[in-house]
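Engineer: Mind looking over this structure? Questions follow.
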Amino acid sequence: MNNYPSFTDLLVSNHIIDPKSLQKLVGKYQGNHAEIRNYILGEKTVRKDILGKLWGDSIGVSYVNLDKTLFQSQVMKRLDEKFVRRNKMIPLYEIQGVITLAMAHPKDINVIDKAERLMGCPVSPVFSFPDEIVDAVDIQYQSSDGIDKILDQISNNPLFKKGGKITSQELEKFAGEQSVIAFSRSILLLGVKEGASDIHIDPQENIVHVRFRIDGMLHDRMQLEKMILAPLTSRLKIMASLDITEKRRPQDGRVNLNLNKKSIDFRMSTVPTIYGEKIVLRALGSIQKDEVLDLEDLGFSKTNLEFLKKIMTTPTGIFFVTGPTGSGKSTTLFSVLQALNKSDVNIMTIEDPVEYRLPRINQIQVNSAIGFDFASALRSFLRQDPDIILVGEIRDKETAKIASEAALTGHLVLATMHTNSALQAVIRLIEIGVESYLISPSIIGTMAQRLIRRICKHCKESYKLSAEEIEKYFIWDKQTDVYFYRGKGCPECNNIGYSGRLAIQEISLINDEIRSLIGKRASALEIENAAKRGGLKKMHYDGMKKVLMGLTTIDEIERVTAGD
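Take the position in the sequence shown, starting the count at 1, then add 3; the result is the number in this note's numbering.
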């Protein structure tokens with residue numbers, strides 16, 4: 004008999020539920036703890052990972068959140084897809100000859116014995132929720148080989164063999180074929196599996212290229228016969244509620260990839276090219292997780308995190324996060340919002356598009372078709388008694404002016420802007436015509452960031468710098484050895500040497516000296532020098548620290564910060 008605490012006792016001791024309410028649930032579900040767990044999970048009154056840990060504690064195993072864990076492709080091949088689906092399990096990774104196996108029922112000895120015999124090694128069972136396992140299997144068991152099998156089915160379709168021009172009615176029927184539906188879904192799932200932020204479908208004269216943007220770089224993934232373009236494009240248009248007969252004009256829509264218990268959204272854009280319609284599908288939010296990361300998980304340096312938290316505790320003012328498209332601005336700001344999101348705070352956002360969703364936050368989507376833009380949304384926000392406002396992007400003088408006025412009238416405003424450095428946000432406001440008497444008292448801080456590729460942890464190696472290399476990057480004492488790191492390339496990173504991304508940042512707190520310079524319309528150089536005296540460290544400095552820590556390579560830092 005084990006000595007693990009009862010799940011219901013853990014619910015009470017962790018203040019998830021009061022004893023009286025628990026007693027009602029025990030009666031309702033006749034003491035079935037799994038049913039009680041599923042009921043609480045469905046009510047969404049407690050975070051899923053907290054509930055998972057309590058369940059794991061009650062049965063004596065660890066809980067693993069499959070949205071955040073590592074999957075080793077070679078390990079997954081050790082178990083057949085049908086077997087893992089039937090038994091609600093998925094292999095994760097191998098450490099010292101033992102494979103960690105996520106299971107919905109990690110105490111099922113018979114199933115564990117079967118898995119060990121099939122894989123030829125011992126397993127360490129952990130608990131994951133059944134719906135997490137189903138979604139993970141859908142994603143992780145996607146492969147190019149599986150897609151090739153579906154393509155073989157499509158190529159046997161009479162309409163595919165027909166050649167020549169296909170009528171609109173035939174094309175719509177073709178796009179509804181099960182094989183075409185499965186093929187379109189498989190491309191999206193493979194993109195999710197590989198962590199692609201964008202999926203490009205590029206028609207050429209005789210073939211169609213499918214490319215994935217992974218960690219900011221485009222990679223070829225497959226080449227398709229030209230005949231597949233029409234049914235694939237039509238199927239994706241149907242999913243995005245677009246006009247499949249319109250091929251001469253660009254169209255924009257939204258594709259929902261529905262899994263067992265969640266959906267992944269893609270923004271779809273089509274443009275006509277000389278060889279057919281090019282499609283780009285951009286994953287909205289994060290395709291690897293369904294929740295916003297904590298600030299501590301974003302890779303801030305200690306100093307930058309202290310600066311950011313100081314800005315967050317300021318009750319009024321405007322804070323800008325700047326950088327090019329795809330530099331992680333929204334991710335950072337939503338991590339900030341998550342930290343500020345309390346029951347006594349009214350938070351409102353205006354976005355284009357809405358990427359992340361947080362409970363208790365009022366999120367509004369821009370709708371330019373009816374004239375509902377950032378400026379008009381901001382004006383309406385001020386009548387909604389907000390404490391914190393997020394503006395997805397400040398693009399014009401009117402929006403910038405209203406945001407500055409909101410910051411001066413007792414609101415904390417978070418906003419993004421497309422500039423190359425933190426302090427260029429101040430200069431941009433002046434350039435678009437916002438009066439300095441509004442900027443100077445309202446702005447409390449600016450931050451710029453870029454995303455850099457992270458070295459693959461499976462194939463990372465160190466190397467010693469030569470004397471010439473050390474002197475290129477550092478002031479050197481001629482004695483201390485310096486080591487950098489790189490990825491050799493392995494199956495886990497598709498032989499790229501990188502896997503995942505992290506941010507490098509520069510943050511400037513706007514102090515009295517800088518406010519005075521803004522009021523005098525001082526030059527960008529004068530303002531930057533004052534910020535450096537106040538503690539500003541440039542992004543390149545933050546990047547070099549992460550190179551020395553073994554998180555990224557010097558090539559990445561030089562690639563990303565070369566223009567700064």
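All C-beta atoms in this analysis are idealised placements derived from N, C-alpha and C, irrespective of residue type, glycine included.
For TYR539 and SER511, what's the separation of their Cα atoms in angstroms?
Structural biologist: Before going further, note that residue 539 is Leu rather than Tyr in the sequence given. Whole-angstrom Cα-Cα distance: 5 Å.
Engineer: Have a look at ILE430, LYS264, PHE74 and flag the residue whose alpha-carbon is nearest the alpha-carbon of LYS460.
Structural biologist: PHE74
Engineer: Enumerate in chain order the residues of its own chain whose CB-to-CB distance from MET122 is below 8 Å, with the five nearest sequence positions on each side excluded.
Structural biologist: ARG81, LEU82, PRO94, ILE102
Engineer: Is ALA409 closer than 8 Å to ILE392 when the C-beta atoms are compared?
Structural biologist: It is a contact, given that the beta carbons lie within the stated cut-off.
Engineer: To the nearest whole angstrom, what separates the beta carbons of ILE217 and GLU197, a pair I think is in contact under 8 Å?
Structural biologist: 6 Å
Engineer: Check the C-beta distance from ARG40 over to LEU54 and give it rounded, since I have them as a contact under 8 Å.
Structural biologist: For ARG40 against LEU54, the beta-carbon gap comes to about 7 Å, under 8 Å, which counts as contact.
Engineer: Going by the CB atoms, is the gap between SER338 and LEU298 shorter than 8 Å?
Structural biologist: Against a cut-off of 8 Å, the Cβ pair of SER338 and LEU298 comes out as a contact.
Engineer: Please report the straight-line C-alpha distance between SER76 and ASN498, rounded to a whole angstrom.
Structural biologist: 13 Å
Engineer: Does DSSP put GLU438 in a helix, in a strand, or in coil?
Structural biologist: coil
Engineer: Would the beta-carbon of GLY448 fall within 8 Å of that of ILE513?
Structural biologist: yes
Engineer: Given GLN291, which residues of its chain have a CB within under 7 Å of its CB, disregarding the five upstream and five downstream residues?
Structural biologist: Since pLDDT at GLN291 reaches only 42, below the 50 mark, its modelled position is unreliable, and no value is offered.
Engineer: Expressed to the nearest angstrom, what Euclidean distance is found between the alpha-carbon atoms of SER266 and LEU191?
Structural biologist: So the two alpha carbons sit approximately 12 Å from each other.
Engineer: Would you tell me roughly how many angstroms separate the C-alpha atoms of ASP293 and SER519, rounded to the nearest one?
Structural biologist: Residue placement at ASP293 is poorly supported in this model, since its pLDDT is 48, which falls under 50; the coordinates still yield a value, given next. Taking the straight line from one Cα to the other gives about 43 Å.
Engineer: CB-CB under 7 Å to ILE184, same chain, minus the five flanking residues each way: which ones, in chain order?
Structural biologist: ARG238
Engineer: Which residue marks the beginning of the alpha helix (DSSP H) containing SER127, and which one marks its end?
Structural biologist: Taken as a continuous stretch (DSSP letters only), SER127 belongs to no alpha helix (DSSP H), being part of the beta strand (DSSP E) at 126 to 130.
Engineer: Measuring CB to CB, does ARG456 end up less than 8 Å from ARG504?
Structural biologist: yes
Engineer: What is the DSSP secondary structure of ASP12, counted as helix, strand or coil?
Structural biologist: helix
Engineer: Residue range of the beta strand (DSSP E) that ARG120 falls in?
Structural biologist: No beta strand (DSSP E) contains ARG120, which is instead part of the alpha helix (DSSP H) from 112 to 122.
Engineer: Helix, strand or coil for ALA565 per DSSP?
Structural biologist: coil
Engineer: Taking 8 Å as the threshold (C-beta atoms), are PRO318 and GLN415 in contact?
Structural biologist: Strictly speaking, residue 415 in this sequence is Leu, with Gln absent from that position. Yes, these two residues count as a Cβ contact at 8 Å.
Engineer: Could you check what DSSP says for ARG489 in three-state terms: helix, strand or coil?
Structural biologist: strand
Engineer: Could you tell me which uninterrupted beta strand (DSSP E) segments, each at least 3 residues in length, are contained entirely in the region 501 to 533, listed from first to last along the chain?
Structural biologist: You should have 501 to 512.
Engineer: Given a cut-off of 8 Å on the beta-carbon distance, is the pair ALA418 and MET450 in contact?
Structural biologist: No.
Engineer: Identify whether LEU95 lies in helix, strand or coil by the three-state DSSP scheme.
Structural biologist: strand
Engineer: Assuming PRO356 and LEU287 form a contact by the criterion Cβ under 8 Å, report the distance between their Cβ atoms to the nearest whole angstrom.
Structural biologist: 6 Å
Engineer: Where do the ends of the beta strand (DSSP E) carrying VAL137 lie?
Structural biologist: Element bounds for VAL137: not the beta strand (DSSP E) but the alpha helix (DSSP H), 133 to 143.
Engineer: When we look at the beta-carbon of GLU249 and count the other beta-carbons within 10 Å, is it buried (16 or more) or exposed?
Structural biologist: exposed
Engineer: Return the Cβ separation of ASP138 and ASN263 in integer angstroms, given the expectation that the two are a contact with Cβ distance under 8 Å.
Structural biologist: 5 Å
Engineer: Examine the Cβ distances between the region 270 to 285 and the region 243 to 257 and report whether three or more of them are shorter than 8 Å.
Structural biologist: Below 8 Å, enough C-beta pairs join the region 270 to 285 and the region 243 to 257 to call them touching: three or more.
Engineer: I believe GLU280 touches THR236 by the beta-carbon criterion, under 8 Å. Please report the beta-carbon distance rounded to the nearest angstrom.
Structural biologist: 5 Å
Engineer: Could I get the ranges of all uninterrupted beta strand (DSSP E) runs contained in the region 392 to 421, with 3 residues as the minimum, in chain order?
Structural biologist: 415 to 420
Engineer: Is the region 464 to 478 in contact with the region 370 to 390, if contact means three or more CB pairs nearer than 8 Å?
Structural biologist: no
Engineer: Provide the residue span of the alpha helix (DSSP H) that contains GLU474, from first to last.
Structural biologist: First-last of the alpha helix (DSSP H) with GLU474: 470 to 476.
Engineer: Can you check which of these residues, THR328, LYS313, GLN341, is closest to ASP300 by C-alpha distance?
Structural biologist: GLN341
Engineer: Residue ranges of each alpha helix (DSSP H) run of no fewer than 4 residues wholly in the region 17 to 63, ordered along the chain?
Structural biologist: Taking only runs of at least 4 residues, the alpha helix (DSSP H) segments lying wholly in the region 17 to 63 are 22 to 31, 36 to 46, 51 to 62.
Engineer: Using alpha carbons as the reference points, say which of LEU154, ASP399, TYR544 lies closest to ILE435.
Structural biologist: ASP399
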